[in-house]
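According to UniProt numbering, the sequence shown is numbered sequentially starting from 1.
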Amino acid sequence: MSAPTPQFRHRDPQDPLSQEAPEAIPLKFDEKAQPRAEDGVEDDMATLAINPRLLENLQAAETHHSASDFGQMDDAAIMLELRTGNMAGFDFLIQKYRKPIIHFMYRMVHNQAVAEELAQEVFLRVYRSRETYRAEARFSTWLYRIATNLGVNYARDNRHERTASTVYLDEADSETGTTPDVADSTPDVEAKLLRQERLNAIREHVLALPERQRMAVLMHKYEGMDYKQIGDVLKLSESATKSLLFRAYQTLREKLKAFV
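Right under this line is the structure:
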């Protein structure tokens, strides 16, 4: 007997992302965005335009673990539970990763409604791939690889519609905790104008980075991923990932030296 269709909507009054979503935007997902077979994802899975209300009526499936049990399990083990039809495990993974994936997608596509649609497509692909999932890499690596493929493909297909990115590189570095090259934060008009000018320049130059460098910067700076995790997503060695990020940050420092 086939497993019930999963439910993605979680409403939390403290979470603005969980409020009623705007009307769904039909999205086309190119087959190039499909994760490859060696990633443990079916090649022939359907690519759908997800309606946020389509998956609202999930019938609760019989589970083998309580929600508290999943907190003691790693993600790969929970994913293997899903293969047995344990929908509570999938619900736990959605609650854990929904907001980070939406935020990651938003930084790639710069549109909240589209980011939510793409995030739902990510989780649908995870669900559809439950039978072929192989716990050969960290679940989060596999998840972000699916998200990266979808986001890159969407950005390529919609370059002419791209709006200003909300990328801020003057946040504290995830590894060192430092905030280098930050404009004066004093609340005077001149400082505010300088900060805005600097942020506009950052947006422009981050968007101009080569695709892999841009993805690596987003994962390193905002998702808190280390070199190995980023390398696993991009299928690069750890040393190659370090070199990729070094070149990206070197380019940004050169382009933004007027603001240092």
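By construction, the Cβ of each residue, glycine as well, lies at the ideal position given by its N, Cα and C atoms.
Length of the line joining the Cα atoms of residue i and residue j
i, j, result
"Thr251", "Lys257", "10 Å"
"Arg125", "Ala191", "46 Å"
"Val233", "Leu150", "13 Å"
"Arg195", "Lys255", "16 Å"
"Gln229", "Thr141", "6 Å"
"Arg138", "Asn158", "31 Å"
"Arg145", "Gly71", "23 Å"
"Thr241", "Gly231", "6 Å"
"Arg156", "Tyr249", "23 Å"
"Gln213", "Leu207", "10 Å"
"Phe90", "Asp74", "13 Å"
"Asp188", "Ala201", "20 Å"
"Ser237", "Leu244", "10 Å"
"Pro210", "Glu117", "25 Å"
"Leu93", "Phe123", "9 Å"
"Tyr154", "Glu81", "31 Å"
"His205", "Thr148", "20 Å"
"Arg247", "Asp69", "43 Å"
"Glu131", "Arg98", "21 Å"
"Val217", "Leu193", "25 Å"
"Tyr227", "Ser129", "27 Å"
Run of the alpha helix (DSSP H) containing residue i, from where it starts to where it stops
i, result
"Met79", "Asp75 to Arg83"
"Leu194", "Val189 to Ala208"
"Gln120", "Gln112 to Arg128"
"Gly231", "Tyr227 to Leu234"
"Arg214", "Glu211 to Tyr222"
"Arg98", "Met87 to Val109"
Reduced DSSP category for residue i - H, G, I as helix; E, B as strand; rest coil
i, result
"Thr251", "helix"
"Ser140", "helix"
"Arg134", "coil"
"residue 286", "Outside the shown range of the chain (1 to 260) lies residue 286, about which nothing can therefore be said."
"Leu245", "helix"
"Leu256", "coil"
"Ser237", "coil"
Same chain only: Cβ atoms within 7 Å of residue i, ignoring 5 sequence neighbours per side
i, result
"Met225", "Met219"
"residue 311", "Since the displayed the chain opens at 1 and closes at 260, residue 311 lies outside it and no answer follows."
"Tyr222", "Arg107"
Own chain, CB closer than 8 Å to residue i, minus 5 neighbours either side, in chain order
i, result
"Ala77", "Ala135"
"Val152", "Ala33, Met108, Glu211 and Met215"
Cutoff 6 Å; reference residue i; Cβ partners in own chain excluding five residues on either side
i, result
"Lys235", "none"
| Stretch pair the stretch 75–94 + the stretch 102–114: three plus CB contacts closer than 8 Å | The stretch 75–94, when compared against the stretch 102–114, does not touch it at the 8 Å Cβ threshold.
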